[in-house]
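**Q**
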Ligand code: SF4
């Protein structure tokens, strides 16, 4: 059987044991996490807006996407109408989800399958809005995995910008297969 | 593949005929290298990260059999079906078998160098199944009946006007349209249809976490996710070397990968797949295909640490000027030249010679693979095993004969210098040394060191 063949060959051919290094706790130098996070998301083609409270959300969405017809807002919207919208998931204009944490160094936002509602939602929508709370910002990826700890979800994703490609002569095009824009709202509370 | 292999120098010579394209290819890749240099300077602990990544990979390789079993057990308990493939043929049969079981006709694939290595598309096409590559660069080369020329930037060798022509023929875009935004959006519309209709999605694997059984896939386009989440079956194909021990190690590798690959902070999506959605299936195919052999070759074992960032290609003066296809191997460039002879020494004996050994590849490697040393060592091994590229053998035999006798060496040196002064354009018989064909050689010295020493040595 190939399984045993591979495992035996790996066992026989592997080098003498090399020990696993301890990971140091890399601290993050910049003090202003919001500024660093905003710079990273902007560089990746997304946009950041600060909100005083979650109540402002609906109004802001309308201001940014006045023409959007099918908005599945899983933070402020009601579940029944959202369920109806998900029946034709490929036609969604805007999806609004809440992320668990944001990483200042690279603008990555962590969501698990539960946060995504349906795994495909943040990818199939034309425009994605992610809301995070200011206190959830961490400096770097080490801190992010530290906070997530042993969460170990069935599915999880770091999202750090809208979908993009540079496969045609290295020209950056926003909106490859997934969302054509990413709006991040940071709630100060 | 059955097409006869064109040796690297000849293939490179063909690429070099179009001077403008060579210049453009060179500059485009240098631009990527430059972006990488700029962004790594923003990370004060960059060197420490490289060292840790290298050590984590060394450790993992030293316990590879144990981590593979740990990974397998975790994946199975997550509800994932795990398959093992000793070689490319078995990998292809397994993937095909899953398709047959589901009667699948429509397959979408996101970029995976392993499936390229196994020639999965060709195999499935021969079985009457069409696979749609969904990474934009891969789709472009697929429509053009080519293979990727770069592991991260598959269509880096193609100009936008050519993409326009390819899309005009296959997607019906207007003739002459060459605006990247326009073309990318046309591809988006075309591929979204494919995603929505797919029965099975195939993805590669960037990292496989032993303790959790999760696989991590990094993309900018979101194609791996769209594929995997919409299809009822997700097949992930991974080489055994993709393992890392624990989730926390991802922090190191995710900080290194995109920065070193394209100069981005991180890819737009870093997706962690652990369990299938209830009602759907997830399969992982673990592939050896020569990797355990490489593990046993002490001199080349390090190459298994590669995380496929592509930086060694971007920085390589030979790759930038010869184009990825000249390497006649799924993985081009310096790392490809180390991996390829492991699979087939005869067919790939020319590749370790396609390097200036300048060491730039080693300098940029995020997992500290001693790439140029390995290329140098492959040259020794291939020579000993008698797999030298033909032209090299002839010139080396002459060299060996000359070097073995001091008198002959001195005589030959004198005449070589004269010969070169008289016929500089013939420098280093270009038939015997294919590399000399593209080179201007330095002015030969008027007298040899031996002659100079005779005159001046006792002063
Ligand atoms: S060998 Fe190193 S630089 Fe080259 S692709 Fe692999 S990880 Fe990147």
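Residue numbers (the working numbering), protein chains in the order written: chain W, 428 to 616; chain S, 1353 to 1811.
We put the beta carbon where it would ideally sit given N, CA and C, even for glycine.
Quantities reported herein were computed from a predicted structural model and do not represent experimental measurements.
Does DSSP put residue 1389/S in a helix, in a strand, or in coil?
**A** In the second chain, the residue the question calls residue 1389/S occupies position 37. Three-state DSSP puts residue 1389/S in a helix.
**Q** Given 6 Å as the limit, tell me if residue 1636/S has its C-beta closer than that to any heavy atom belonging to the ligand SF4.
**A** Counting from one through the second chain, the residue named residue 1636/S turns up at place 284. Not under cutoff, so the answer is no.
**Q** In this structure, how does DSSP classify residue 1797/S when only helix, strand and coil are distinguished?
**A** Position 445 of the second chain, counted from the first residue, corresponds to residue 1797/S. The answer is coil: DSSP assigns residue 1797/S none of H, G, I, E or B.
**Q** Rounded to the nearest angstrom, what separates residue 436/W and residue 1430/S at their Cα positions?
**A** Within the first chain, residue 436/W is the residue found at index 9, counting from 1. Within the second chain, residue 1430/S is the residue found at index 78, counting from 1. Computed Cα separation, rounded: 26 Å.
**Q** Use the C-beta contact count for residue 1778/S: other C-beta atoms within 10 angstroms, 16 or more gives buried, fewer gives exposed.
**A** Within the second chain, numbered from 1, the residue matching residue 1778/S stands at position 426. In this prediction, residue 1778/S has a pLDDT of 47, which is less than 50 and means its spatial position is unreliable; nothing more can be read from the coordinates.
**Q** Could you give the DSSP three-state label for residue 1458/S: helix, strand or coil?
**A** Sequence index remark: in the second chain, residue 1458/S carries index 106 (1-based). Residue state, collapsed to three classes: strand.
**Q** Nearest CA to the CA of residue 1661/S: which residue from 1684/S, 1673/S and 1646/S?
**A** Along the second chain, one-based indexing puts residue 1661/S at 309. When only C-alpha atoms are compared, the closest one is 1684/S.
**Q** From the DSSP output, in three-state form, read off residue 1482/S for me.
**A** The sequence position of residue 1482/S within the second chain is 130, counting from 1. DSSP places residue 1482/S in strand when its eight states are reduced to three.
**Q** Which residues neighbour the ligand SF4 when neighbourhood means a C-beta less than 6 Å away from any of its non-hydrogen atoms? List them by chain order.
**A** Those residues, listed in chain order, are 1658/S, 1659/S, 1660/S, 1661/S, 1662/S, 1663/S, 1664/S, 1687/S, 1716/S, 1717/S, 1718/S, 1719/S, 1721/S and 1723/S.
**Q** Measure the C-alpha to C-alpha separation of residue 1497/S and residue 1511/S and round it to an integer number of angstroms.
**A** Here residue 1497/S is taken as the residue at index 145 of the second chain, counted from 1. Here residue 1511/S is taken as the residue at index 159 of the second chain, counted from 1. If you take the alpha carbons of residue 1497/S and residue 1511/S, they lie about 16 Å apart.
**Q** Note down the Cα distance separating residue 1514/S from residue 1725/S, rounded to an integer number of angstroms.
**A** In the second chain, the residue the question calls residue 1514/S occupies position 162. In the second chain, the residue the question calls residue 1725/S occupies position 373. Rounded to whole angstroms, residue 1514/S to residue 1725/S spans 38 Å at the Cα level.
**Q** Starting from residue 1685/S, trace the alpha helix (DSSP H) both ways and give me its first and last residue.
**A** For the purposes of this step, residue 1685/S is identified with residue 333 of the second chain, where counting begins at 1. Per DSSP, residue 1685/S belongs to the alpha helix (DSSP H) from 1685–1695.
**Q** At a Cβ cut of 8 Å, what residues of the region 441–459 of chain W count as close to chain S, listed as they run along the chain?
**A** So the close ones are 441, 442, 443, 444, 445, 446, 447, 448, 450, 451, 453 and 456.
**Q** Throw me the rounded Cβ distance for the residue 1526/S and residue 1412/S pair, which I believe falls under 8 Å.
**A** Sequence index remark: in the second chain, residue 1526/S carries index 174 (1-based). Sequence index remark: in the second chain, residue 1412/S carries index 60 (1-based). In fact, because the Cβ distance is near 51 Å, the residues do not count as touching under 8 Å.
**Q** Compute the Euclidean distance between the alpha carbons of residue 483/W and residue 431/W, then round it to the nearest angstrom.
**A** Locating residue 483/W in the first chain gives position 56, counting from the first residue. Locating residue 431/W in the first chain gives position 4, counting from the first residue. So the two alpha carbons sit approximately 59 Å from each other.
**Q** Could you confirm whether any beta carbon from chain S is found closer than 7 Å to the beta carbon of residue 563/W?
**A** The residue given as residue 563/W occupies position 136 in the first chain. Answer no: the Cβ-Cβ gap between residue 563/W and chain S never drops below 7 Å.
**Q** For residue 457/W, I'd like the list of residues in its chain whose CB is within less than 6 Å of its CB, leaving aside the five on either flank, ordered along the chain.
**A** The residue you call residue 457/W lines up with position 30 of the first chain. Hits under 6 Å: 463.
**Q** Between the region 1383–1390 of chain S and the region 1615–1631 of chain S, can you find at least three pairs of beta-carbon atoms closer than 8 Å?
**A** With a cut-off of 8 Å, the region 1383–1390 of chain S and the region 1615–1631 of chain S count as touching, because enough Cβ pairs lie within range.
**Q** Should residue 452/W go down as buried or exposed, given a rule of 16 or more other Cβ atoms within 10 Å for buried?
**A** Numbered from its first residue, the first chain carries residue 452/W at position 25. Counting Cβ neighbours within 10 Å, residue 452/W comes out exposed, since fewer than 16 surround it.
**Q** Go through the region 486–562 of chain W residue by residue and report every complete run of the alpha helix (DSSP H) that reaches 4 residues or more, in order.
**A** The qualifying runs are 506–513, 540–543 and 548–551.
**Q** Anyone know if the C-beta pair for residue 1694/S and residue 1646/S falls short of 7 Å?
**A** Within the second chain, the letter at position 342 stands for residue 1694/S. Within the second chain, the letter at position 294 stands for residue 1646/S. Cβ distance < 7 Å, so residue 1694/S and residue 1646/S count as in contact.
**Q** Return helix, strand or coil for residue 431/W, following the three-state DSSP convention.
**A** In the first chain, the residue the question calls residue 431/W occupies position 4. The answer is helix: DSSP assigns residue 431/W an H, G or I state.
**Q** Consult DSSP for residue 1554/S and reduce its assignment to one of helix, strand or coil.
**A** Within the second chain, residue 1554/S is the residue found at index 202, counting from 1. Strand.
**Q** Look up residue 1719/S in the DSSP assignment and say whether it is helix, strand or coil.
**A** Taking the second chain and counting its residues from 1, the one referred to as residue 1719/S is at position 367. Note: residue 1719/S maps to coil in three-state DSSP.
**Q** According to DSSP, is residue 591/W helix, strand or coil?
**A** Here residue 591/W corresponds to residue number 164 of the first chain, with the count starting at 1. Correct three-state label for residue 591/W: strand.
**Q** Can you tell me where the alpha helix (DSSP H) with residue 1705/S in it begins and where it stops?
**A** Here residue 1705/S refers to the residue found at position 353 when the second chain is read from its first residue. No alpha helix (DSSP H) holds residue 1705/S; DSSP gives it neither H nor E.
**Q** For residue 1804/S, count neighbouring Cβ atoms within 10 angstroms of its own Cβ and tell me buried if that reaches 16, exposed if not.
**A** Position 452 of the second chain holds residue 1804/S. With fewer than 16 Cβ atoms within 10 Å of its Cβ, residue 1804/S is classed as exposed.
**Q** Compute the beta-carbon to beta-carbon distance between residue 1450/S and residue 1639/S, rounded to the nearest angstrom, for a pair I have assumed lies under 8 Å.
**A** What you label residue 1450/S is simply residue 98 of the second chain in a count that begins at 1. What you label residue 1639/S is simply residue 287 of the second chain in a count that begins at 1. Their Cβ separation, rounded to whole angstroms, is 14 Å, which puts residue 1450/S and residue 1639/S out of contact at 8 Å.
**Q** Measuring only the C-alpha atoms, how far is residue 1338/S from residue 446/W?
**A** Residue 1338/S is absent from the model: chain S starts at 1353 and stops at 1811.
**Q** Please name the residue in 480/W, 545/W, 606/W and 450/W whose C-alpha comes closest to that of residue 559/W.
**A** Along the first chain, read from residue 1 onward, the residue named residue 559/W stands at position 132. For the residues 480/W, 545/W, 606/W and 450/W, the minimum Cα distance to residue 559/W belongs to 480/W.
**Q** Any idea what DSSP makes of residue 1503/S, helix, strand or coil?
**A** Taking the second chain and counting its residues from 1, the one referred to as residue 1503/S is at position 151. Correct three-state label for residue 1503/S: coil.
**Q** Determine whether the Cβ of residue 1515/S lies closer than 7 Å to any Cβ atom of chain W.
**A** The residue you call residue 1515/S lines up with position 163 of the second chain. So, interface residue.
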